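Read the structure below first, then the notes.
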């Protein structure tokens, strides 16, 4: 066990000599896909609650498809499927994009987390008490200013508990990245297992790392909730 | 409780405990990774085929046992063997010191050097200088991975690990990989013979202590009885000419034993 | 059948004979999901009972169980259990003198998924049991119902109403998690689609088909869940209807 840790601690945590691996890679995947998914989801969530069907339905289709299929299949499609199509290979830009494993993985993860986040934010926007909006109208706030100053801040705060859940689920989901040759925590665990055959220890360390990350995220979100959600009253 | 009720389970327990001491060989379970034609692969109807499979079946026939082939991922073979999922591993597994620490091996089954596959017009040689900056792929858990990480990675070659050999070839064909490193004959007889592999070529065998070429059947340590049985069977195959027959059927005039 | 599909513009020949294999893979996926659901619901009820129990002996392990499982990714647990389970079982059967018990990927997948989602169902059932007003249990006790009868006739039907949304959610997540079982070697829908795509050099089409099949199963599940919710919510006044 000690030899396992001594030999692999560096790979597990940040690097195996030439590329980013392990914990650092997992965190990078998580942060990048959550950040991009978040940015993308804001305008999409606003479209999702729009009065006009023609704006709503494309977003609804997007979330329906991406929430109804497993992330693993989405990753396989992005990594193995798309790159095999002749149309993609003939376009230099597309070809260069999909050639890189990291791009494919981040694309799949971003689209997936975006679809769940859109639904969460849409639900949060819908749950804003209408009284707040009426008051805003009384003050003359309309259009995009209404969104920017009232609806988005309020919705984001209300969505915090559900969004924290989504971030943790995304952390767990990144463990599937090794199938697209990305060296994350699980890949290093498999390497350690293949070299030393100490299965329980190798995967146990991986599990421990994920547990620490999850608990850290839970703690961080609890602090955020205390800061931003306490206006909703006691007994949360 | 009626005493009569106790006799039946007691008898059953007695039978089981006495039965456990003497090993009655009826079947031989081989663990195998079926992504390695022409050595081990699956048929369209879910059966198994290949040079290694033929040898395994011949050994079973010699020992008058039924062969059972249990499919597994390559890096699950040694844990599976140790756990008792199967009795032996026949999957073109190379004998290395690291593996000898975990399991035991029979005498040589055949020899399999390692080589690198590249595109015909790429001008790439199987050297670190030539491959620097390029991407090379391999199957996870193999000796080729160990070699790549120890020698090629530090030399500036980009490394990519895949779950099985098919995925390596898939990415080699679509251009994600510039080269792939695996068993020389495996590449020769499966990928390079297929229409997908027409534009690719094999390199010379790499001789390096990290990629030995001795391939044998893996068995649990202290399983002396099975080791003796298998070694005797392998010897008998050579003596009776069955080995030469199987070799001829799969590879024609190539000599795999003394490669 | 073929002529009808050709009429509406669907050309099945693109499947090149892999159609039946794909459907078989989908069937395997459904079986794994359904059996894992049963296992995890059973574990969930036990876990919920343990967590609600005042006994530290039951309470603590259950809490450790749910915290650990929900903090570690499914795939890590799956690989861990898959590789270790056979070993433990072998040592167990050897020690007891029983014949060797094989665990194939199908069984391993069900045991693993059942074990993992048992933790999620523990939280679901715990929350829903707590939502049933305590007065109901007390009234049932007054009428002379014993513990089991109380649970079966009073608590359970009312608990199901609260549990249903969360149960449905867990089922959908479990269904999508079965795609990971292909990584430990089970020939489920994903693995079959990959094999077919590899042989016909048409990976994208087969993966899209597999995705479509998953979407179909998810949609049907959503419909069934809505029906179930309507049935279990009979007689309950909703808000501003």
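Protein chains in written order, with this note's numbering: chain A, 1 to 236; chain B, 237 to 495; chain C, 496 to 736.
Yeah, the Cβ is synthetic: ideal placement off N, Cα and C, and Gly gets one too.
The structure presented is a predicted model; accordingly, all values stated were derived computationally and were not measured.
Check, Outcome
"Just the chain B side, please: which residues come within less than 8 angstroms of residue 693/C by C-beta, in chain order?", "402, 406"
"Excluding the 5 residues preceding and the 5 following residue 356/B in the sequence, name in chain order all residues of the same chain whose CB lies nearer than 7 angstroms to its CB.", "435, 436, 437"
"Tell me which same chain residues have a C-beta within less than 8 angstroms of the C-beta of residue 399/B, skipping the five on either side of it?", "309, 375, 376"
"What are the start and end residues of the beta strand (DSSP E) that includes residue 262/B?", "No beta strand (DSSP E) contains residue 262/B, which DSSP labels as neither H nor E."
"What does residue 285/B pair with, by DSSP beta-bridge criteria?", "277/B"
"Note down, in chain order, all residues in the region 198–214 of chain A with a beta-carbon under 8 angstroms from any beta-carbon belonging to chain C.", "199, 200, 203, 204, 206, 207, 210, 211, 214"
"Can you find a CB in chain C that lies within less than 9 angstroms of the CB of residue 273/B?", "no"
"Residues of chain A with CB under 8 angstroms from residue 412/B, in chain order?", "83, 99, 101"
"Taking the continuous alpha helix (DSSP H) assigned at residue 138/A, which residues delimit it?", "130–138"
"Cβ of residue 306/B within 9 angstroms of Cβ of residue 268/B?", "yes"
"Please list, in chain order, the chain C residues whose beta carbon lies closer than 7 angstroms to that of residue 106/A.", "Here the premise fails: no neighbours, minimum Cβ distance about 18 angstroms."
"So what does DSSP say about residue 321/B, is it helix, strand or coil?", "coil"
"How about residue 456/C and residue 610/C: do their beta carbons lie closer than 9 angstroms?", "With chain C running from 496 to 736 in the structure shown, residue 456/C is simply not present."
"Return the first residue and the last residue of the alpha helix (DSSP H) that residue 222/A is part of.", "199–228"
"So what does DSSP say about residue 641/C, is it helix, strand or coil?", "coil"
"In angstroms with no decimal places, state the Cα-to-Cα distance between residue 159/A and residue 147/A.", "15 angstroms"
"My assumption, with CB atoms under 8 angstroms, is that residue 493/B sits in contact with residue 347/B. Please give the rounded CB distance.", "7 angstroms"
"For the region 563–579 of chain C, which residues have a CB atom closer than 8 angstroms to at least one CB atom of chain E, in sequence order?", "Although the question refers to chain E, the structure presented lacks it and instead comprises the protein chains A, B and C."
"Alpha carbon to alpha carbon, how far is residue 12/A from residue 29/A? Give it in angstroms, no decimals.", "15 angstroms"
"Which residues of the region 172–186 of chain A have a Cβ closer than 7 angstroms to any Cβ of chain B? Give them in chain order.", "179, 181"
"Measuring CB to CB, does residue 675/C end up less than 9 angstroms from residue 573/C?", "yes"
"Residue 374/B bridges to which residues according to DSSP?", "397/B"
"How far does the beta strand (DSSP E) with residue 436/B in it reach, from first residue to last?", "436–438"
"Going by C-alpha distance, which of 410/B, 369/B, 295/B, 289/B is nearest residue 96/A?", "410/B"
"Tell me, please, whether the CB atom of residue 604/C is closer than 9 angstroms to any CB atom in chain B?", "no"
"By the 10 Å Cβ neighbour count, where 16 or more other Cβ atoms means buried, how is residue 491/B classified, buried or exposed?", "exposed"
"Anything in chain C within Cβ reach of residue 309/B, meaning under 7 angstroms, just list it in chain order.", "680"
"Could you name the residues of the region 704–729 of chain C whose beta carbon sits closer than 8 angstroms to any beta carbon of chain A, in the order they occur along the chain?", "705, 706, 709, 710, 713, 714"
"Quick check on residue 158/A - is its C-beta less than 9 angstroms from some C-beta in chain C?", "no"
"Below 8 angstroms CB to CB, which residues in the same chain sit around residue 278/B once its five sequence neighbours on both sides are set aside?", "270, 284, 285, 307"
"Can you tell me the Cα-Cα spacing of residue 171/A and residue 555/C, whole angstroms?", "26 angstroms"
"For residue 652/C, count the other beta carbons within 10 Å of its own beta carbon; 16 or more makes it buried, fewer makes it exposed. Which is it?", "exposed"
"For residue 151/A, which option in 35/A, 124/A, 176/A, 163/A has the closest C-alpha, if you only look at C-alpha atoms?", "124/A"
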